Structures are given as structure tokens and as C-alpha cells.
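*Asks:*
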Amino acid sequence: MAPQLYSRVCLVPLAFSLLTVGTSTAKAIAQTTFPFDVVYDTNVTLTPIPSTDVSKAFVSGFNPDADYGLTNFLSIDNYSRVDPDTGNLVFVQDPTKFGLQGLPIGRDEFFGSGDDKLFASSSATASFDFINRQLVGSGTITITGWWCRQV
């Protein structure tokens, strides 16, 4: 009878260990920060969306000295409208933030002459400088992915 008792005692800790490992829900997330502070010379094209106060925004940018060789910037399928309180343009990527349905969500891409790319989401504001015929703005860009060619 002693051998049966011994095998039960051994199985209980083993079952408990497997249950503990199997039910662990903690995630480990690694994050590395690389400085990326670049100012791009940009061109902004706004195309009004009929029957709304919103425009579709396309932004292209270039900086020959950009970090990591990411000399080009594109902001595709973004949306903007004038904030009536400030007179500034507000740029977003999700058209539902402006009450629009059925339109694609925008994206940002940073790239250079090689195959490396960064993908991002962004929001921004800009003001009109009518004297110099410029749009002056800034925003927050969050890197959401990347593509690197494996060599």
C-alpha cells in the first residue's frame, strides 16, 4: 500500500506545476528606444470630401540628412479639418474621429533608397502662415512596424 501513497504524493506537485505554467498570463514586452528626431520638408495636398467639412490629406516629405537613411516620408489616406476654436488644421488617420464611415484608415511610411521602412500612425495640428504661404505644424508619430530586408 505504501507505493500507491507515494505515487499520489508525486503526482500532486507535478500536476500543480503544470497547472501553474499553463495558466500563467504574464507577458514580457521588450522595448528599445532609438532617437529619431527629424524635420522633413513637406508638401501637403488637401482634397475636399464632398458634403463634409473634412479633406483627405496626402503629405510627402524629404530630408537628405534624416537619421538611419530614412530620407522620405509619406502620410497616406489621412484626414483634416479646421478646428473652429483655433483656426488650425487638425490631422487624424481614423476618419471616424470626424464622423466619417467607410473610408480607409491612414498610414505613415518612412523610407530611404534601400528596402528598409518604418510604418507609423500619427496625429498633428498645423496653422496657416498666409504671409509666407506655408502650413506650419507638428504632431506625434508612433512607430507601429518596420520592414528590413534580410541580407
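Our numbering numbers the first residue of the sequence shown as -10 and each following residue consecutively. Every residue, glycine too, gets a C-beta built ideally from N, C-alpha and C. Computed from a predicted structure; not experimentally measured.
Taking DSSP as the reference, what is the three-state secondary structure of Asp66?
*Replies:* In this structure, Asp66 counts as strand in the three-state DSSP scheme.
*Asks:* Once you ignore the five residues that flank Ile132 on each side, which residues in its own chain have a CB closer than 7 Å to its CB?
*Replies:* Hits under 7 Å: Leu107, Ala109.
*Asks:* How is the beta strand (DSSP E) around Ile132 delimited, first residue to last?
*Replies:* Counting along the chain, the beta strand (DSSP E) containing Ile132 begins and ends at 123 to 136.
*Asks:* Only counting the same chain, and skipping five residues up and downstream in sequence, which positions put a Cβ closer than 6 Å to that of Leu63?
*Replies:* Hits under 6 Å: Ser49, Glu98.
*Asks:* Tell me where the beta strand (DSSP E) around Val33 begins and ends.
*Replies:* Segment 30 to 37, the beta strand (DSSP E) holding Val33.
*Asks:* Let's test the definition: count the other Cβ atoms within 10 Å of the Cβ of Phe51 and tell me whether it reaches 16, buried, or not, exposed.
*Replies:* Exposed, since its Cβ has fewer than 16 Cβ neighbours within 10 Å.
*Asks:* Reducing DSSP to helix, strand and coil, say where Gly58 ends up.
*Replies:* Correct three-state label for Gly58: helix.
*Asks:* Between Gly103 and Asn67, is the Cβ-Cβ spacing less than 8 Å?
*Replies:* No, the Cβ-Cβ distance between Gly103 and Asn67 is not below 8 Å.
*Asks:* Apply the 10 Å Cβ neighbour rule to Val28 and answer buried if 16 or more other Cβ atoms are within range, or exposed otherwise.
*Replies:* When all chains shown are included, Val28 counts as exposed.
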